[in-house]
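Number of protein chains: 2
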Amino acid sequence: MTDRVPPLGEIQSRSLSEQVLDVLRDAILDGDFRPGQPLVETDIAARLGVSRAPLREAIRILSAEGLVESVPYHGTTVRALTKTDIEELYSLRGELEAFAIRRVIQQDAQQAASELREHMNAILQAAEAGDLHLVNEEDRDFHRTLIVLSDHSLLLSLWNVVGARVRLVMALLNRRNSDLKQVAYNHVPIIEAIEAGDEARAVQEIRQHIANTGALISEFWEVETENKNP
Amino acid sequence: MTDRVPPLGEIQSRSLSEQVLDVLRDAILDGDFRPGQPLVETDIAARLGVSRAPLREAIRILSAEGLVESVPYHGTTVRALTKTDIEELYSLRGELEAFAIRRVIQQDAQQAASELREHMNAILQAAEAGDLHLVNEEDRDFHRTLIVLSDHSLLLSLWNVVGARVRLVMALLNRRNSDLKQVAYNHVPIIEAIEAGDEARAVQEIRQHIANTGALISEFWEVETENKNP
DNA sequence: CGCCTGTCGATTGTCGACAATCGACCACTG
DNA sequence: CAGTGGTCGATTGTCGACAATCGACAGGCG
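Each protein sequence line maps, in turn, to chains A and B. The opening position of the first sequence corresponds to residue -9 in the numbering used here, with each subsequent residue numbered one higher. The opening position of the second sequence corresponds to residue -9 in the numbering used here, with each subsequent residue numbered one higher.
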């Protein structure tokens, strides 16, 4: 979005650790590892064709992000989310996004609204194509954009943790039976409130939106986890 | 506080990485490393008497916590906080604590109030002894207790990041010229609002409290950093 | 038969050595 | 003298091997 100086294709000077980190995180967030499943270092390192050193560093970061849990000398497992975790996740998410939306309105509400509207259209487009995976991705983009627009780097870094966990939830739970287009339309009141510069209403709308989503997921969570953890 | 089963002195079964992590974090948070100062792995590993492997893992975690910044092949430095960082830190902190206080009131306001009052007395006691360092520590304890009482594990884990950064600020800035006892008394309205079960007032008080602290620190920040980064 | 104890295999934790990368410095060239 | 190219030292990144620790299982003792 902002103009950057070097238009040259960036070369990958990233360390192996970082590449491993991204691969591992995506694997977890795409559900390639089931919750509770142990991550055996030797095994994964061999499969990735790297040594255990960069792998371990990646695991430490994932642990700090809360995606996996490590017990000394006992191993690392993918974090299994309980219903309480879901409730905590969405309650806190509501607070963070409400905070973000207040800042957004106090700064440049009009431009933010138009940018968010673009993202909403992207969700709608994905919904019309019936692409559930893409809908989820664009949905994440919408909310992440809201955070970015709030221009608060610390908030953004916390969001990276919260957002990753949201994505983990989504990976484990396909909202198969919901009307995809409705997912897109649900964002409209939020955008309108921002456009109107109505802080109170925007906060209320986003809180409502997050609470609804959380309640919906929380409802399905038990039956889902029951089926998978017998 | 809660009764634990094994009264036997716990043996340190913690891995070297974790010990190194704690030592390093304390060193940074106590100001033993100045902001911007490079952390040379070979040097620190030698000084701690450990290999670079556990040290690097510790550094990765500190990096994820935002206390240090790592650039591939170029090194790790202690994060230097700008005035913007301070403002972001305290604005977000206000949100998190406001969220916590609402939950606390909705749960067991009376017990929370009494527990917080104990912490306030601890601050007061430290203030009367003129122990600035202890005042800071007890102050941290007060706010951390508020978070813990909110019974929200995700919030607590985010707080560990935010709280660490607050501590980092405190380490770099001695509030020498402030009335220590006043620091303690500033917490009284918060406790009273909790005791009264008045959610709105409690939220307002905590927001005020954090905003005041943030403004005070933000004010001093420029002159402090000017003196130290010529 | 029940419980304690010692051993075993698997996995993680740690180490020292080697390779890759970067910035600084300096000689060289036009 | 400005700019370029190469070399060097320092630091980080990665690797393979070894040590420490844990849970499970089997054997002995009451």
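Don't be surprised by glycine CBs; every beta carbon is placed ideally from N, CA and C. Nothing here was measured: the structure is a model prediction, and the numbers come from that model.
At 8 Å on the CB atoms, spell out the chain A contacts of residue i, in chain order.
{"i": "B:L114", "result": "By Cβ distance, chain A contributes nothing, its closest Cβ being about 31 Å from B:L114, past 8 Å."}
{"i": "B:H142", "result": "E78, S81 and L82"}
Which residue comes first and which comes last in the beta strand (DSSP E) that contains residue i?
{"i": "B:T66", "result": "G65 to V68"}
{"i": "A:V61", "result": "V58 to V61"}
Output, in chain order, the set of chain A residues within a Cβ distance shorter than 9 Å of residue i.
{"i": "B:A102", "result": "Here the premise fails: no neighbours, minimum Cβ distance about 18 Å."}
How would you list, in chain order, the residues of chain B whose beta-carbon sits under 9 Å from the beta-carbon of residue i?
{"i": "A:A43", "result": "A43 and R46"}
So that I know if they touch, is there some Cβ in chain B lying closer than 7 Å to that of residue i?
{"i": "A:A90", "result": "no"}
{"i": "A:L136", "result": "no"}
{"i": "A:T(-8)", "result": "For A:T(-8), the predicted model reports a pLDDT of 44, less than 50, meaning its position is unreliable and no value from the coordinates is stated."}
Starting from residue i, find everything on chain B with Cβ-Cβ shorter than 7 Å and list it in chain order.
{"i": "A:I51", "result": "R50 and A54"}
So, is the C-beta of residue i closer than 7 Å to a C-beta in chain A?
{"i": "B:L221", "result": "Outside the displayed span of chain B (-9 to 220) sits residue 221 of chain B, for which this structure offers no information."}
{"i": "B:L145", "result": "yes"}
Does the Cβ-Cβ distance between residue i and residue j come in under 7 Å?
{"i": "B:V94", "j": "B:I18", "result": "no"}
{"i": "A:A102", "j": "A:L139", "result": "yes"}
{"i": "B:V30", "j": "B:L6", "result": "no"}
{"i": "B:I207", "j": "B:I51", "result": "no"}
{"i": "B:E87", "j": "B:A112", "result": "no"}
{"i": "B:I184", "j": "B:A192", "result": "yes"}
{"i": "A:R83", "j": "A:I200", "result": "yes"}
{"i": "A:K73", "j": "A:A117", "result": "no"}
{"i": "A:L148", "j": "B:L148", "result": "yes"}
{"i": "A:L45", "j": "A:A35", "result": "yes"}
{"i": "B:E78", "j": "A:H133", "result": "no"}
{"i": "B:I137", "j": "B:A70", "result": "no"}
{"i": "B:G21", "j": "B:A161", "result": "yes"}
{"i": "A:E195", "j": "A:P179", "result": "yes"}
{"i": "B:V10", "j": "B:A43", "result": "no"}
{"i": "B:Y63", "j": "B:G204", "result": "no"}
{"i": "B:G26", "j": "B:A99", "result": "no"}
For residue i, which residues in chain A fall below 7 Å Cβ to Cβ?
{"i": "B:E85", "result": "E85 and F89"}
So the alpha helix (DSSP H) residue i belongs to, where does it begin and stop?
{"i": "A:Q172", "result": "L170 to Y175"}
{"i": "B:Q96", "result": "K73 to E118"}
{"i": "A:H133", "result": "L122 to L139"}
{"i": "B:G221", "result": "With chain B covering only -9 through 220, there is no way to say anything about residue 221 of chain B."}
{"i": "A:D12", "result": "L6 to L19"}
{"i": "A:R155", "result": "S143 to L162"}
{"i": "B:V178", "result": "V178 to E185"}
> Taking Cβ-Cβ distances below 9 Å as the criterion, which residues of the stretch 147 to 166 of chain B are in contact with chain A?
Replying inline: S147, L148, V151, V152 and R155
> Mind listing which residues of the stretch 0 to 34 of chain B have their C-beta closer than 9 Å to chain A's C-betas, in chain order?
Replying inline: S3, R4, S5, S7 and E8
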